[in-house]
Structure formats: structure tokens, C-alpha cells
């Protein structure tokens, strides 16, 4: 099935094809075809409980970093389309560093605007001193949100 998806993406001249699988799935056919495989863990955070419980379940080092960011004046807001260009620059730096080819700004704005307009994504931005300092994109399906990408300014 994977190879059929890849061939279809190639026929349709897809710029990027990213396939995320569940842990334990055998992907050796992709490796034999020369595709790069990376394993990553995805933490699952249940939000159907009190915020205090969610907060208590976060690593203490992470909680301290959040508090430090709040004291420094960092704010988190739902991002607007006007924030996407600043986020795109940060995202491109990461993609390029990983030796991948980023979408053009026009392609990225088109895709993100379509996802946001269809309520299939949520875009959050961190502002510091009126500037976009970081951002994250979450894909939304029903009552579930999946972290898709994130980037920040080097500091």
C-alpha cells in the first residue's frame, strides 16, 4: 500500500510526501525502495481532565520553562494569516537544516490557508515584544488535535 501511495504522489508531482505510521508497523518495503525512515515518539495528552491535573503531569523542567516564558512577557495567541509569513521563515530554517526542500511561500500560504479555512488546522503563535517568536500547527480531526509542525526564532 505504501509503495502505491508513493507512486501516486510521484505521478501527481507532489512536492512533499510525508507518511506517519503507528509504532510497530513494518516499513521495510519503504527502506528497500531507498526512502529515509525516522522513528519518533508521540506523547498523548488527555485534555478531558482538570487543567491542574494536566499541568501536574508535565515534566518539572518543562513547567519551569513555561513559567520563565510567561514572566518574560511571552504570550500565546491563535495565529492569524498575517503571522504565517513570519512562521514560514522560521519553519524553512528547520526544514533546510534537515536537508529537506521547503515549499515556496506561495505554496505554504495556499496550503495553510486552505487548512485553516476548513477548520482542519489550528495555528498558535508565541509573541514576544510584538514580534512572532515561535509558532505551532496542529491538525484537527473531530475532538483530536495532532501536532504537525513547530518552529521558533533562535534565542
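Numbering (the working numbering), first residue to last: 2 to 156.
Even glycine gets a Cβ: it sits at the ideal position worked out from N, Cα and C.
It should be emphasised that the depicted structure is a prediction, and the values quoted were computed from it without experimental measurement.
First and last residue of the uninterrupted alpha helix (DSSP H) at residue i
i	result
residue 83	82 to 98
residue 107	106 to 118
residue 31	29 to 33
Residue from the options with nearest C-alpha to residue i
i	options	result
residue 130	121, 151, 75 and 91	75
residue 80	72, 89 and 45	89
residue 45	51, 59 and 35	59
Contacting residues, own chain, Cβ-Cβ under 7 Å from residue i (five flanking each side not counted)
i	result
residue 121	140 and 141
residue 96	103
residue 114	82
residue 87	133
residue 110	85
residue 54	none
Presumed contact (8 Å Cβ cut-off) between residue i and residue j, rounded CB distance
i	j	result
residue 146	residue 123	6 Å
residue 136	residue 84	7 Å
residue 38	residue 32	6 Å
residue 77	residue 125	6 Å
residue 9	residue 92	Wrong, their Cβ atoms sit about 26 Å apart, outside the cutoff.
residue 56	residue 64	7 Å
Where the beta strand (DSSP E) through residue i begins and ends
i	result
residue 145	145 to 153
residue 38	Note, residue 38: premise wrong, no beta strand (DSSP E); not H, not E.
residue 131	Element bounds for residue 131: n/a, residue is neither H nor E.
Beta-carbon proximity list for residue i, same chain, < 6 Å, skipping 5 on both sides
i	result
residue 28	38
residue 36	none
Contact with chain C by residue i, beta-carbon distance below 7 Å
i	result
residue 91	Among the chains of the structure shown, chain C does not appear; only one protein chain is present.
3 or more residues per run - each beta strand (DSSP E) lying fully within the stretch 41 to 83: Inside the stretch 41 to 83, DSSP marks whole beta strand (DSSP E) runs of 3 or more residues at positions 76 to 79, from first to last along the chain.
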